[in-house]
Structure formats: structure tokens, C-alpha cells
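The structure appears right after this line, and notes come after that.
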Amino acid sequence: PTSEALTDFEFGTRFFNSKLKFSANVYYMNYYNQLVLTGGVNDVGNYTRTNTKNSYRTGLELELSYSLNKIITLDGNLTLSENKIKSFDEFLDSLDASYSYAGQSKTNYRNTTIAFSPSIIYMSRLSIHLIKNLTALVILKHVGEQYLDNTTNEKRKLKSYNVCDIKINYSINNFIGKVVEINFSANNIFSKKYASNGYTYGYYANSERVDENFYYPQALLNFLGQITLKF
Numbered sequence: 003p004t005s006e007a008l009t010d011f012e013f014g015t016r017f018f019n020s021k022l023k024f025s026a027n028v029y030y031m032n033y034y035n036q037l038v039l040t041g042g043v044n045d046v047g048n049y050t051r052t053n054t055k056n057s058y059r060t061g062l063e064l065e066l067s068y069s070l071n072k073i074i075t076l077d078g079n080l081t082l083s084e085n086k087i088k089s090f091d092e093f094l095d096s097l098d099a100s101y102s103y104a105g106q107s108k109t110n111y112r113n114t115t116i117a118f119s120p121s122i123i124y125m126s127r128l129s130i131h132l133i134k135n136l137t138a139l140v141i142l143k144h145v146g147e148q149y150l151d152n153t154t155n156e157k158r159k160l161k162s163y164n165v166c167d168i169k170i171n172y173s174i175n176n177f178i179g180k181v182v183e184i185n186f187s188a189n190n191i192f193s194k195k196y197a198s199n200g201y202t203y204g205y206y207a208n209s210e211r212v213d214e215n216f217y218y219p220q221a222l223l224n225f226l227g228q229i230t231l232k233f
């Protein structure tokens with residue numbers, strides 16, 4: 003790999019008062035030799051990257067927080083983006099009829115979507131301050147579809163998904179002169195079946211393309227507890 007260069011243009015605005023906080027940001031990130039994920043892994047399972055000569059990421063970021071009263075707060079964020087490679091060369095190994103190595107094949111793709119770059123991401127959160135130092139949160143997250151490689155092929159992608167979590171946070175101040183924080187989470191409360199990551203491996207066997215996709219499925223309903231002591 004060689005070093006990458008980035009020219010970043012951004013324009014944003016913010017507004018806030020006692021109840022409402024809002025921000026918006028528009029960006030255009032123009033890359034030269036951007037290091038992007040290839041969709042493959044190496045012999046120890048780490049993700050591999052490659053340089054792409056001309057690519058860009060552009061989009062809109064929104065953040066909003068509104069306090070209905072002293073008890074309930076709504077907030078969230080949304081990112082809409084386009085992440086493109088202007089020209090991408092894919093190299094695949096070729097195997098003959100006896101599965102012996104027969105060299106590599108090269109395919110050029112134009113204006114493809116960068117791997118693992120969803121075009122829409124959002125989070126919304128409801129915070130309820132039940133009593134002093136006790137807060138309950140309901141969090142909904144959405145991640146749009148992502149491609150496993152840089153060819154924008156529908157057969158090699160992760161589907162979009164929504165996940166809902168519930169969290170309860172409680173803090174005890176001046177506990178023997180210390181602060182104790184107790185956190186409990188119920189994650190993926192609707193037991194949504196989804197994969198948040200993966201990789202793909204392709205090759206040609208006897209002139210026919212073969213693609214093998216691998217996915218990392220996430221847990222269904224699961225729980226997490228945590229106690230933090232601050233000195």
C-alpha cells in the first residue's frame with residue numbers, strides 16, 4: 003500500500019436553546035489512493051485493504067435532541083451518504099479443470115460503491131429519567147445494506163437491519179466517598195436475526211466464477227450488566 007491523500011470540504015450549522023439542540027453538516031471527501039477494504043481476509047483472519055486511485059465519500063449528517071420536560075428526552079442522528087470508487091480493478095485467481103493454478107484474471111468496474119459503506123445509518127433514543135440518578139433508555143439503530151467487496155454485486159452484500167436495545171443506568175454518589183455506576187442492558191430485544199460483518203472470497207474454476215460469502219451473525223436477545231467504581 004501507498005499513502006492516501008484526502009481533501010475534505012464541509013459546511014455545517016448548529017442551533018440550540020434550553021429544549022432543542024440541532025446540527026446539520028454536509029461533507030465531500032475527495033480521496034487519492036484511498037485505502038479501502040477489499041472484502042477479503044488474510045491467512046490470520048485480518049481484513050485486507052488496497053489502494054484505489056480516485057474515490058470519494060459525500061453526504062449529510064443530522065443530529066437532533068429535544069427535551070419534552072425534565073423527565074423525557076428524545077434524540078437521534080441520521081447520516082445519508084454516497085461512497086464511490088470511480089474505477090476499481092478486481093483481481094481473481096483462476097483454476098483449470100484440475101483445480102491447478104492458472105494465473106489471475108482482471109476485471110475493471112466503474113463507479114462502484116465502497117465496501118462496508120452503508121448509504122444510510124440512523125439512531126433514535128428515548129431517555130426517561132425515572133428518579134434521581136436513574137435513567138432508562140430505549141435505543142433503535144438502523145444500518146443500511148453494505149457490499150462485501152467493491153464490485154457492487156447484489157450477491158455479495160449484507161442486508162440492512164434494525165436493532166432495538168433497552169438500557170438502565172443508575173449512579174450512587176458519595177458511596178464511601180466514591181461514585182458507583184450500575185448499568186444493565188437488554189440488547190436486540192426483538193431477537194432480530196442479522197449479520198453485521200463478513201467477508202467474501204472469489205475465484206474462477208474451469209472458467210466459471212465461484213463466490214464464497216462468509217457472515218458474522220449477531221446474538222439474539224442478550225443481556226449485559228456492568229458495575230463501575232470511580233475513585
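In terms of the numbering used here, the sequence shown is residues 3 to 233.
Beta carbons: idealized from backbone N, C-alpha and C, even for Gly.
By alpha-carbon positions, which one of the options ends up nearest to residue i?
i      : options                        : result
LEU101 : GLU210, LEU80, GLU214, SER162  : With the sequence shown as reference, residue 101 is identified as Tyr, and Leu is not the correct amino acid for it. That would be GLU210, whose Cα lies nearest to the Cα of TYR101.
LEU94  : LEU223, GLY105, ILE191, LYS88  : GLY105
ILE87  : ASN152, ASN208, ASN224         : ASN152
TYR149 : ASN176, TYR203, ILE130, ARG127 : TYR203
THR52  : SER96, LYS21, LEU39, ASN185    : LEU39
LYS180 : LYS134, VAL43, THR230          : THR230
ASN19  : SER69, ALA26, GLY47, GLU65     : SER69
ASN96  : PHE233, GLN220, ALA207, LYS232 : The sequence given here places Ser at residue 96; Asn does not occur at that position. Looking at the Cα atoms, ALA207 is the closest of the given residues.
ASN110 : THR54, ASP98, PHE233           : THR54
TYR201 : THR4, LYS72, ASN44             : ASN44
LYS23  : ASN79, LEU37, PRO3, GLU147     : ASN79
GLN36  : GLY47, GLU65, LYS232, THR4     : THR4
GLU65  : PHE17, ARG112, ASN71           : PHE17
VAL182 : LYS232, ASN71, ASP98           : LYS232
What does the alpha-carbon distance come out to for the pair residue i and residue j?
i      : j      : result
SER187 : SER173 : 15 Å
ASN145 : ILE74  : Reading off the sequence shown, one finds Val at residue 145, where the question assumed Asn. Between VAL145 and ILE74, the C-alpha separation is close to 25 Å.
PHE216 : SER198 : 11 Å
LYS108 : ASP91  : 7 Å
GLU63  : CYS166 : 21 Å
ILE178 : LYS134 : 19 Å
GLY42  : ALA221 : 23 Å
SER126 : ASN224 : 20 Å
ASN176 : SER129 : 24 Å
ASN185 : THR137 : 10 Å
LEU82  : PRO120 : 9 Å
LYS21  : GLU214 : 51 Å
TYR124 : ASN164 : 10 Å
ASN48  : PHE118 : 15 Å
VAL46  : TYR103 : 22 Å
Examine the ligand NAP and report whether any of its heavy atoms sits within less than 7 Å of the Cβ of residue i.
i      : result
ARG158 : Absence of the ligand NAP is noted for the structure shown, with no ligands found whatsoever.
In terms of DSSP beta bridges, what is residue i paired with?
i      : result
ARG127 : ASP77, ILE141
GLU214 : TYR203
GLN36  : THR54
ALA188 : ILE168, PHE225
LYS108 : PHE93
GLY41  : Answer is none; GLY41 lacks a bridge partner.
VAL182 : ILE174, LEU231
ALA7   : TYR34
ASN85  : ARG59
Considering only the beta carbon of each residue, do residue i and residue j sit closer than 8 Å?
i      : j      : result
TYR205 : VAL212 : yes
SER67  : ASP77  : yes
SER25  : THR9   : no
ASN85  : ILE116 : yes
GLU12  : VAL28  : yes
THR50  : THR114 : no
ASN189 : LEU226 : yes
Does residue i come within less than 8 Å of chain C when only Cβ atoms are used?
i      : result
TYR111 : Absent from the structure is chain C; it holds one protein chain and no more.
Specify whether the region 132-141 and the region 155-162 touch according to this definition: at least 3 beta carbon pairs, one from each stretch, less than 8 Å apart. no
Using 8 Å as the Cβ pair cut-off and three pairs as the minimum, do the region 22-38 and the region 190-198 touch? no
Contact between the region 57-76 and the region 162-172: three or more CB pairs below 8 Å? no
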